[in-house]
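Residue numbers (UniProt numbering): 1 to 400. The beta-carbon is built from N, C-alpha and C at its ideal position, and this holds for glycine as well. Here the structure is a predicted model, which means the values were calculated and not measured. Below: the structure, in structure tokens.
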């Protein structure tokens, strides 16, 4: 297996816009909002940035699939800007590009940006895919709630979980994220709900109700990365380094072979195993301080908790009801509200997760600050359970 990039790249600074229905601004202003915060936290001049990666799933500006929208919006100093798109995992893909550039020595300082402007499209959910995406995933017979409702049905069937038990666990999952988001001033949805409200909400795709689904949002998030030596020279303490980045893409096995029963996400298990090996994590449930998962739907969070090894197979729903993943539980999950409440601007979500990790690890999370976290994980999923891109990233302080 490759030696990996553990501790070869440090996060110099990060920024994030407020997520939500940002009718007052365009995609460019959202990028500027995140960029200025990242630049200020990094303590550098724009001329010190050597290269940049830009993630946006939909073409809001009309500039095609090039990097020029970000280069122009941020007035970057005529550096290379690479546009990437990997479904909802695009934000982590941008981060991965910037990290690889620094790790390879081709850049001393690199920038990653994810942005999406979805609330002006006229669609309640995600708009029709633009050219360049994998169009068969978006045929009229497929919807995202429908795809993930099948995950819920398969999961409950495999493990013999009664509908009411699963609904209560999903309700707890959503209520937890809503409670966490109340302490997050940048979150899209900042309102407490009860488990009973979540369980009794109108059904979107059985068994998923309204409160089991995340909102699509306008927003941007940004990271600036460099070498640990440069970061130390700039006085960054504590130093947050990348321990692992792994990305796995479906190859057709789930849909075209007979070995998958639809109750889990195959790529997540592979990405997690590789990330733990790269980061030197032997017991993720014990070693990780908190996690940020791709909770596009409440069932996704529950299944992912098993795919990543935090709960035994068929037991995540019980652990959720036992408050294991609450903010004061053994392994806090979605401390900032997750996609469920912080929001889901598709191209930005992976970087938003890392933004929360960076805030927590540097002690800047305000009213939701955890007690001395040292190691964090993000799980970013793009696509559907049967066809997807899954990335797992681990960041932390201190040598391992």
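Looking at 310, 190, 15 and 346, the one whose alpha-carbon comes closest to that of residue 381 is 346. Here residue 379 is bridged, per DSSP, to 392.
When secondary structure is reduced to three states using DSSP, residue 305 falls in the helix class. A distance of 8 Å or more separates the beta carbons of residue 236 and residue 386. In the three-state scheme derived from DSSP, where H, G and I count as helix and E and B as strand, residue 236 is classed as coil. With respect to residue 91, residue 349 sits close: the two C-beta atoms are nearer than 8 Å. Ranked by Cα distance from residue 395, the first of 268, 201 and 362 is 362. Distance between residue 243 and residue 48, taken at the CA atoms: about 24 Å. C-alpha of residue 45 to C-alpha of residue 51: approximately 14 Å in a straight line.
Exclusion of the five residues before and after residue 222 leaves 15, 34, 35, 38 and 113 as the residues of its chain whose Cβ lies within less than 6 Å of its Cβ. Under the criterion of beta carbons closer than 8 Å, residue 81 and residue 71 qualify as touching, at roughly 5 Å. Annotation: the continuous beta strand (DSSP E) that includes residue 114 extends over 109–116.
Rounded to the nearest angstrom, the Cβ distance from residue 214 to residue 295 is 6 Å, consistent with a contact under 8 Å. By the CB criterion at 8 Å, residue 115 and residue 56 fall inside the cutoff. The beta carbon of residue 109 sits closer than 6 Å to the beta carbons of 48, 49, 50 and 226 from its chain, once the five residues preceding and following it are set aside; these are given in chain order. Residue 86 sits in a strand when the DSSP states are folded into three classes.
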